[in-house]
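Residue numbers (my numbering): 1115 to 1227.
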């Protein structure tokens, strides 16, 4: 896919852009790119543990330990747009919270993943 290629080339969702692989900055993306990013992220979360379960590869944090996922959106319309994508477009729906001290972040608790 085109989006997979853009990620592989480091054009979007660069691994070195934030502190951990469980933080994703969507705040500077257009709505369509943020939507595609959400779909990509959750597709990877669902498929990664299954694909690495038997090969013993501990190099990817996703394969070894699931954590809360922070989606940095900024305290703008992007936050509600991303929340809608998670709730209405992903199957099963993914619900998130807005931490009181971080109004520009959506947190998906590990139990939802």
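Even glycine gets a Cβ: it sits at the ideal position worked out from N, Cα and C.
Just to check my reading of the structure: residue 1141 and residue 1218 have Cβ atoms closer than 8 Å, yes? What is that Cβ distance to the nearest angstrom?
The pair is a contact, with the Cβ atoms about 7 Å apart (cut-off 8 Å).
Rounded to the nearest angstrom, what separates residue 1147 and residue 1120 at their Cα positions?
One C-alpha to the other measures close to 11 Å.
C-alpha gap between residue 1190 and residue 1220, whole angstroms
Rounded to whole angstroms, the separation of the alpha carbons of residue 1220 and residue 1190 is 12 Å.
Run the CB neighbour count on residue 1150, radius 10 Å, all protein chains shown included, and call it buried at 16 or more, exposed below.
With 16 or more neighbouring CB atoms inside 10 Å of its own CB, residue 1150 falls in the buried class.
Residue span of the alpha helix (DSSP H) that contains residue 1208, given as start and end
From DSSP, residue 1208 is part of no alpha helix (DSSP H); its letter is neither H nor E.
In chain order, what residues of the same chain lie with their CB nearer than 8 Å to the CB of residue 1212, ignoring the 5 residues before and after it?
Only 1193, 1219, 1220 and 1221 meet the Cβ criterion.
Could you tell me the boundaries of the alpha helix (DSSP H) in which residue 1118 lies?
Per DSSP, residue 1118 belongs to the alpha helix (DSSP H) from 1116–1122.
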